[in-house]
Amino acid sequence: TWTTAAFVEEAIREVRAKVGDKRVLLALSGGVDSSTLAFLLHRAIGDQLTCMFIDQGFMRKYEPERLVKVFEEQFHINVEYVNARDKFLSAIANITDPEEKRRRIGHEFIRVFEEQSKRLGPFDYLAQGTLYPDVIESAGTNIDPKTGERVAVKIKSHHNVGGLPKDLQFKLVEPLRKLFKDEVRKVGRSIGLPEEIVQRQPFPGPGLAIRILGEVTAERLNILRDADLIVRQEINRHGIYNDLWQAFAVLLPIRSVGVMGDKRTYAYPIVLRFVSSEDGMTADWSRVPYDILEIISNRIVNEVKGVNRVVYDITSKPPGTIEWE
Ligand code: XMP
209 TWTTAAFVEE AIREVRAKVG DKRVLLALSG GVDSSTLAFL LHRAIGDQLT
259 CMFIDQGFMR KYEPERLVKV FEEQFHINVE YVNARDKFLS AIANITDPEE
309 KRRRIGHEFI RVFEEQSKRL GPFDYLAQGT LYPDVIESAG TNIDPKTGER
359 VAVKIKSHHN VGGLPKDLQF KLVEPLRKLF KDEVRKVGRS IGLPEEIVQR
409 QPFPGPGLAI RILGEVTAER LNILRDADLI VRQEINRHGI YNDLWQAFAV
459 LLPIRSVGVM GDKRTYAYPI VLRFVSSEDG MTADWSRVPY DILEIISNRI
509 VNEVKGVNRV VYDITSKPPG TIEWE
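Residue numbering for the sequence shown follows full-length UniProt numbering, beginning at 209 and increasing consecutively.
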């Protein structure tokens, strides 16, 4: 029978045998896969592991700080924090097309990744939180013909964009490759990852940049981050976080008229997108109680400057997608 303890022990043995005294680079994303991976590898090879976190500036409010803090203070794992916020914002300045936005963010990610891995390196191995379904999906596509080993050609957190440059091909360490998501969660929990990471709802690689429709600006990012934080706080407070596949806010780049006190306002609307789903392929809009929606709406309009209207998305997938871009 499969137990987390046996898995952890076996994975540690395997990593040590494979890596020897070589150095390994790991890019943290904030999700459960890369976090569990970081913890396992640190147990296996200690300082031969370098954890890097590239902050694109598109994560939820307080998440980058929180991630670094959990790793450094709770697990005593040093994180190389790379503040690339300005770079990513410049990379998508004036871009309104969703696919072009994704493409540019992906390219920028590869560029920063390359620059930083050269600065911190050299590394022989790249650790990836590849899971069993990912292995199946990419079967045979990235095998080194000489050694028969899997090599990195893409970076998992941005698997939808860009490949690694030819001179930056690492050998892979993928100790989670036989696991399904629920097993990774069990392993993560058993080694002491906080529930907020273990149960984290899916979050897209390009992050909030694809939840601001059209042009992404620093001002819009701040507005969306504040609205999104209120959504998360209330969902948690009402104990429904784990019932929802995803619950988030979207900012529309239009303005409508409202009234506040005795003044007319002209500001952005926020869309609430709450869905239930098994795998993200299909999804139902969530029948969240009106009382909760009312609290969220009141708080957003009262607390977030620049927003004067909140709407609820009642479209399922298909025909809608979960994200708005
Ligand atoms: P859609 O919007 O296609 O989303 O219904 C399905 C699931 O995929 C996530 N998603 C992404 N994840 N990069 C990612 O890493 C992306 O560009 C991306 N777009 C959508 C989405 O959050 C949902 O869970």
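Ideal placement from N, C-alpha and C gives every residue a C-beta, glycine not left out.
Quick caveat: nothing in here was measured; it's all calculated off a predicted structure.
**Asked** Just to confirm, does T338 get its C-beta within under 7 angstroms of one of the non-hydrogen atoms of the ligand XMP?
**Response** Not so, every heavy atom of the ligand XMP lies at least 7 angstroms from the Cβ.
**Item:** Residue from V439, R445, D436, G400 whose Cα sits closest to the Cα of F283
**Value:** Of the residues V439, R445, D436, G400, the one whose Cα lies closest to the Cα of F283 is G400.
**Asked** Grouping DSSP H, G and I as helix and E and B as strand, with all else coil, what is residue 534?
**Response** For residue 534 there is no data in the structure shown, the boundaries of the chain being 209 and 533.
**Message:** Please classify D436 as buried or exposed, where buried requires at least 16 neighbouring CB atoms within 10 angstroms.
**Reply:** With 16 or more other Cβ atoms within 10 Å, it is buried.
**Request:** For Y474, count neighbouring Cβ atoms within 10 angstroms of its own Cβ and tell me buried if that reaches 16, exposed if not.
**Result:** Answer is exposed; the Cβ neighbour count stays below 16.
**Message:** Between which residues of its own chain and P272 is the CB-CB distance below 8 angstroms, once the five residues before and five after are set aside?
**Reply:** Closer than 8 angstroms at Cβ, skipping near neighbours: G238, F261, D263, Y289.
**Item:** Straight-line Cα distance separating E308 from H367
**Value:** Since pLDDT at H367 reaches only 47, below the 50 mark, its modelled position is unreliable, and no value is offered.
**Request:** Kindly examine the ligand XMP and report whether one of its heavy atoms sits closer than 7 angstroms to the Cβ of E486.
**Result:** Judged by the Cβ position, E486 fails to qualify as a neighbour of the ligand XMP at the 7 angstroms threshold, every heavy atom of the ligand being at least this far.
**Request:** State the Cα-Cα distance for the pair G528 and A246, rounded to the nearest angstrom.
**Result:** When rounded, the distance between both Cα atoms is 35 angstroms.
**Message:** Check whether the segment 422–440 and the segment 508–520 touch, using three or more Cβ-Cβ pairs below 8 angstroms as the test.
**Reply:** With a cut-off of 8 angstroms, the segment 508–520 and the segment 422–440 count as touching, because enough Cβ pairs lie within range.
**Message:** My output table needs one value for T425: the three-state DSSP class, helix, strand or coil.
**Reply:** Of the three classes helix, strand and coil, the one that applies to T425 here is coil, per DSSP.
**Residue closest to C259, alpha-carbon to alpha-carbon, out of D294, V320, V232, V479** = The shortest C-alpha to C-alpha distance from C259 to any of D294, V320, V232, V479 is the one to V232.
**Prompt:** Grouping DSSP H, G and I as helix and E and B as strand, with all else coil, what is N302?
**Reply:** DSSP places N302 in the coil class of the three-state scheme, outside both helix and strand.
**Prompt:** From V227, I443, L297, pick the residue whose C-alpha is nearest to that of P497; which is it?
**Reply:** Checking every option, the nearest Cα to that of P497 belongs to I443.
**Request:** Indicate the three-state DSSP secondary structure (helix, strand or coil) for D451 in the structure shown.
**Result:** Helix.
**Request:** For residue 207, I'd like the list of residues in its chain whose CB is within less than 7 angstroms of its CB, leaving aside the five on either flank, ordered along the chain.
**Result:** Lying outside 209 to 533, the shown extent of the chain, residue 207 is not represented and no answer is given.
**Prompt:** Can you find a heavy atom of the ligand XMP that lies under 7 angstroms from the Cβ of E531?
**Reply:** Yes, the Cβ of E531 comes within 7 angstroms of a heavy atom of the ligand XMP.
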